[in-house]
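Residue numbers (the numbering used here), protein chains in the order written: chain V, 156 to 219; chain H, 3 to 261; chain A, 10 to 433.
For every residue, glycine included, the Cβ atom is placed at its ideal position computed from N, Cα and C.
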Amino acid sequence: MVKVNGEDRAAAGFSVTGWLQEAGYQPAAVAVEYNGSILGRTAYDSTILKDDDVLEIVCFMGGG
Amino acid sequence: MEKNEEDCLVLGGHKFHSRFILGSGKYSLKLIEAAVQDAGAEIVTLAVRRANTKEHENILDYIPKQVTLLPNTSGARNAEEAVRIARLARELGCGDFIKIEIMRDSKYLLPDNQETIRATDILAREGFVVLPYMYPDLNAARDLVSAGAAAVMPLASPIGSNKGLATKEFIQILIDEIDRPVIVDAGIGSPSQACEAMEMGAAAIMANTALATAGNLPLMAAAFREAISAGRKAYLAGLGRVLSRGAAASDPLTGFLRD
Amino acid sequence: MTEEKEEKQENQFLIDSDRLSEKALARKHQLENDPSCRKDPMEYFPDMEQIHSDVREEVIRQVEAYDYEQYTAVDVRRALEHKTCSVEDFKALLSPAALPFLEEMAQKAHLETSRHFGNTVYLFTPLYIANYCENYCVYCGFNCYNDIQRLQLNREQIEHEMKVIADSGMEEILILTGESKKKSSIEYIGEACKLARKYFKNVGLEIYPVNTDDYRYLHECGADYVTVFQETYDLTKYETLHLLGHKRVWPYRFEAQERALMGGMRGVGFSALLGLSDFRRDALATALHLWYLQRKYPQAEFSLSCPRLRPIINNDKINPLDVGEKQLCQILCAYRLFLPYAGITVSSRESKPFRNGIARICATKISAGVSTGIGDHEEKYTGREEGAVGDEQFEICDTRSFRTMYKDMAGEGLQPVLNDYLYV
């Protein structure tokens with residue numbers, strides 16, 4: 156299982172690009188932290204998720 | 003100011019003509035464009051949050067393109083978390099501006115100056131234009147400037163309280179002593195309060211709740227814009243003579259002087 | 010002002026002595042008459058530390074742009090109404106337009122002084138321990154071409170003088186030397202500081218500017234306050250007045266206070282010698298010099314002095330030109346309003362009525378029992394004459410003893426303070 160935004164998801168085996176599509180994110184609107192480090196957009200295709208990985212997917216929202 | 007000199011707010015080498023920094027929280031995305039327009043804002047703040055797949059609306063689609071985005075680090079409880087959020091914000095691809103906001107107190111939401119100084123130091127080194135939200139303390143402000151802050155953002159009163167310039171005397175000290183723009187952030191509840199801060203010499207005003215809770219948001223945005231501009235002009239013009247009450251000289255002090 | 014008038018106002022500084030050798034006299038005249046034989050005043054000597062600081066540039070930029078004739082009564086009134094005095098307000102208060110507002114300025118200065126210092130006035134005494142000097146500064150009694158009795162006190166003599174002063178009740182001392190590193194070495198001055206710590210609660214120095222390491226050493230020896238007079242911030246004028254010696258290097262002198270703070274001193278003092286050049290610009294530069302350093306070193310203590318030119322031995326015609334008592338009072342009130350936290354010292358060059366009056370307005374520190382000569386405190390304090398004494402740097406005006414001064418200040422409704430200092 157992969158921890159995605161704090162929840163266990165069956166994302167192992169997906170590339171990051173694949174998972175973003177699968178889960179329904181807009182890739183252009185998010186940033187990804189992979190196991191504690193920022194994952195550059197160019198690495199989305201080549202990064203394959205495995206069990207125990209931790210993924211944070213964030214976006215902008217309204218704020219002061 | 004020289005007559006022909008352009009009056010700009012300069013943050014980390016970037017020039018702005020508007021001195022109204024607009025928050026985008028607590029109101030409908032659909033109102034953002036009108037708010038930006040009527041506020042005349044060139045900088046809009048945003049928060050960074052875990053993306054939700056159920057929500058397909060991207061706030062960036064609602065913000066006019068020429069606007070500079072100022073992501074904040076709200077949610078951070080220490081320097082490390084703020085740094086992490088700042089880096090993610092930059093990865094979202096909207097420039098190098100970051101408003102540091104670190105709170106260890108969920109009741110009053112008061113900023114933690116020490117942690118903010120630490121985060122400023124780290125992020126300024128990484129090339130961010132750092133705008134730290136702070137409690138108006140002179141020593142902390144000096145440390146923030148030394149750490150590389152592009153401005154300081156002291157609170158007028160607790161965040162979201164609309165209570166106005168409760169910290170007025172201390173903000174004045176920062177304005178007098180700090181060689182960076184002093185942007186009054188948090189607690190400004192009405193245009194008259196924004197105007198007062200600008201008359202004191204504040205470089206800009208950041209407001210969110212006062213607009214979000216107004217009956218007519220775009221109209222309030224316009225009111226703030228005019229008040230901020232009026233306060234700025236009054237500051238530049240130099241406030242005039244106010245007759246002091248009952249200050250009559252007793253004995254002359256200069257009678258001893260020889261020609 | 011017409012040129013003719015201006016000429017009349019110039020001081021005649023240059024005095025020859027028939028006791029100088031022909032060679033020395035020729036060199037003196039060459040220095041006086043041929044600017045090309047004088048060293049570049051911007052060029053540091055090899056042993057002078059150069060620090061990286063933008064304070065000098067900032068000060069000079071502001072002073073060069075200062076046109077005091079531009080200010081009007083409206084600007085002055087506005088400045089007087091402001092709660093905090095901005096640089097612009099200060100410029101207005103220094104301008105000729107402010108002179109008619111002197112009483113109002115004094116009233117406001119008095120309030121500011123009370124707010125920051127209460128009704129206290131500090132008393133101290135200067136102790137000159139040597140008058141050897143390697144510089145040729147044309148207006149100064151100690152200058153190396155002036156024919157005066159030179160003297161340097163040895164350890165025993167210094168201690169003796171200190172005892173005499175301490176016995177009078179004084180708790181704060183300012184140690185002064187002529188500017189000769191050869192005759193009055195850092196070690197020599199350091200020893201004087203160590204002695205002074207035995208007898209006094211606060212030791213200040215007014216010596217030639219030194220490097221950061223030397224300031225650190227002197228601080229370890231017991232000194233905690235360094236005063237350096239820039240004399241004039243007008244480089245072009247400075248060059249024509251300081252013809253020879255280390256003191257000729259203008260930027261090294263300018264940076265002395267900053268080096269002192271870097272060396273760990275708690276406080277620094279500043280001054281221009283009013284009457285040498287345009288006094289309004291010099292007053293502006295002095296205050297800005299302090300102001301910028303305060304912003305850079307907010308932990309430090311700061312003070313200002315306001316000496317005017319005085320007659321010296323062998324030249325009794327030197328005078329402060331256009332800086333009258335009213336102008337001096339205006340400058341001091343403007344200093345107080347712009348720098349409410351700064352100490353203001355008024356020297357014994359000024360008269361008794363002036364010092365009494367100004368202490369009620371804005372001065373916070375007054376010297377008493379003063380001699381600018383060497384080794385003559387014993388004589389002055391006890392009337393007993395023994396041994397050689399060295400000649401004075403300038404003529405003092407207010408000769409009151411410590412006891413009289415204490416009584417007089419109390420009589421003015423002020424609280425004389427000998428010391429409230431904590432060494433840490």
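*On the DSSP bridge assignment, give the partners of residue 207(A) in chain order.*
In the DSSP output, where bridge partners are listed per residue, residue 207(A) has none listed.
*Where residue 213(V) and residue 132(H) are concerned, what is the direct C-alpha to C-alpha distance, given to the nearest angstrom?*
21 Å
*Does residue 240(H) get closer than 8 Å to chain A when you measure Cβ to Cβ?*
yes
*Under 8 Å Cβ to Cβ from residue 100(H), same chain only, skipping five residues before and after it: list those, please.*
72, 73, 74, 75, 88, 91, 92, 125, 130, 131, 132 and 133
*Mind the definition here: the stretch 98 to 112 of chain H touches the stretch 153 to 162 of chain H only if three or more C-beta pairs lie below 8 Å; say whether that holds.*
yes
*Could you run through the stretch 84 to 105 of chain A and flag, in chain order, every residue whose CB is less than 7 Å away from some CB of chain H?*
Among the residues of the stretch 84 to 105 of chain A, those with a Cβ less than 7 Å away from any Cβ of chain H are 86, 87, 90 and 93, in the order of the chain.
*Is the CB of residue 375(A) under 8 Å away from at least one CB in chain H?*
Taking Cβ atoms only, chain H never reaches closer than 8 Å to residue 375(A), which makes this a no.
*If you drop the 5 nearest sequence neighbours on each side, which residues of the same chain put their C-beta closer than 6 Å to that of residue 151(H)?*
122, 132 and 134
*State buried or exposed for residue 382(A), treating a residue as buried only when at least 16 other CB atoms are found within 10 Å of its CB.*
buried
*Using only alpha-carbon positions, find the residue among 254(H), 204(H), 53(H) and 35(H) that is nearest to residue 67(H).*
35(H)
*Please classify residue 8(A): is it buried, with 16 or more other beta-carbons within 10 angstroms of its beta-carbon, or exposed?*
There is no way to answer for residue 8(A), as the model of chain A reaches only from 10 to 433.
_Per-residue contacts from residue 144(H) into chain A (C-beta, under 8 Å)_ = 307
*Sort out for me which residues DSSP pairs residue 125(H) with in a bridge.*
Partner(s): none; residue 125(H) has no beta bridge.
*Minimum C-alpha distance to residue 209(H) - residue among 105(H), 253(H), 47(H) and 61(H)*: 47(H)
_Neighbourhood of residue 115(H) by C-beta, 7 Å cutoff - its chain only, sequence neighbours within 5 removed_ = 136, 137, 139 and 142
_Residue range of the alpha helix (DSSP H) that includes residue 37(A)_ = 31 to 42
*The beta strand (DSSP E) spanning residue 135(A) covers which residue range?*
Unbroken beta strand (DSSP E) run through residue 135(A): 129 to 139.
*In chain order, what residues of the same chain have a beta carbon less than 8 Å from the beta carbon of residue 35(A), not counting five sequence neighbours either side?*
Contacts found: none.
_Buried or exposed by the 16-neighbour rule on C-beta atoms within 10 Å, applied to residue 245(H)_ = Interpretation of residue 245(H) is limited by its pLDDT of 46, a score under 50 that renders its predicted location unreliable; the figure taken from the coordinates is listed afterwards. Flag for residue 245(H) reads exposed.
*Using a Cβ-Cβ cut-off of 8 Å, state whether residue 258(H) counts as contacting chain A.*
yes
*Which chain H residues sit within Cβ distance under 8 Å of residue 168(V)?*
Under the 8 Å cutoff, chain H gives no residues; its nearest Cβ is about 19 Å from residue 168(V).
*asked:* Using the Cβ count rule (16 or more neighbours within 10 Å means buried), how would you classify residue 10(A)?
replied: Note on residue 10(A): pLDDT 42, under 50, position unreliable in the model; no value is reported.
*asked:* Quick check on the burial criterion: 16 or more other C-beta atoms within 10 angstroms. Buried or exposed for residue 61(A)?
replied: Exposed, since its Cβ has fewer than 16 Cβ neighbours within 10 Å.
*Would DSSP call residue 248(H) helix, strand or coil?*
Unreliable positioning characterises residue 248(H) in this predicted model, as indicated by a pLDDT of 48, which lies under 50. The coordinate reading is nonetheless provided below. Here residue 248(H) sits in coil by DSSP.
*Are residue 296(A) and residue 348(A) touching if we call contact CB-CB under 8 Å?*
Contact check for residue 296(A) against residue 348(A) passes: the beta carbons are separated by less than 8 Å.
*Could you please give the first and the last residue of the uninterrupted alpha helix (DSSP H) stretch that includes residue 83(A)?*
82 to 90
*Smallest Cα separation from residue 16(H): which of 70(H), 42(H), 40(H) and 25(H)?*
70(H)
*Nearest-angstrom Cβ-Cβ length linking residue 373(A) and residue 131(A), presumed shorter than 8 Å*: Contact holds; Cβ gap of about 6 Å.
*Taking only beta-carbon atoms, is residue 181(V) less than 8 Å away from chain H?*
The C-beta of residue 181(V) comes closer than 8 Å to at least one C-beta of chain H.
*7 Å Cβ cut-off: residues of chain H touching residue 213(V)*: 50, 51, 52, 53 and 90
*Any idea what DSSP makes of residue 468(A), helix, strand or coil?*
With chain A covering only 10 through 433, there is no way to say anything about residue 468(A).
*List the endpoints of the continuous alpha helix (DSSP H) containing residue 172(H).*
170 to 179
*asked:* Below 7 Å on C-beta distance, what does residue 47(H) contact in chain V?
replied: 218 and 219
*Same chain, Cβ closer than 6 Å to residue 104(A), five either side skipped, listed in chain order*: Correct list, in chain order: 77 and 80.
*Per DSSP, which one or two residues make a beta bridge with residue 21(A)?*
Note: residue 21(A) sits in no beta bridge, so no partner.
*Ignore the nearest five residues each way along the sequence and tell me which others in residue 11(H)'s own chain have a CB closer than 7 Å to its CB.*
18, 21, 183, 205 and 206, listed in sequence order.
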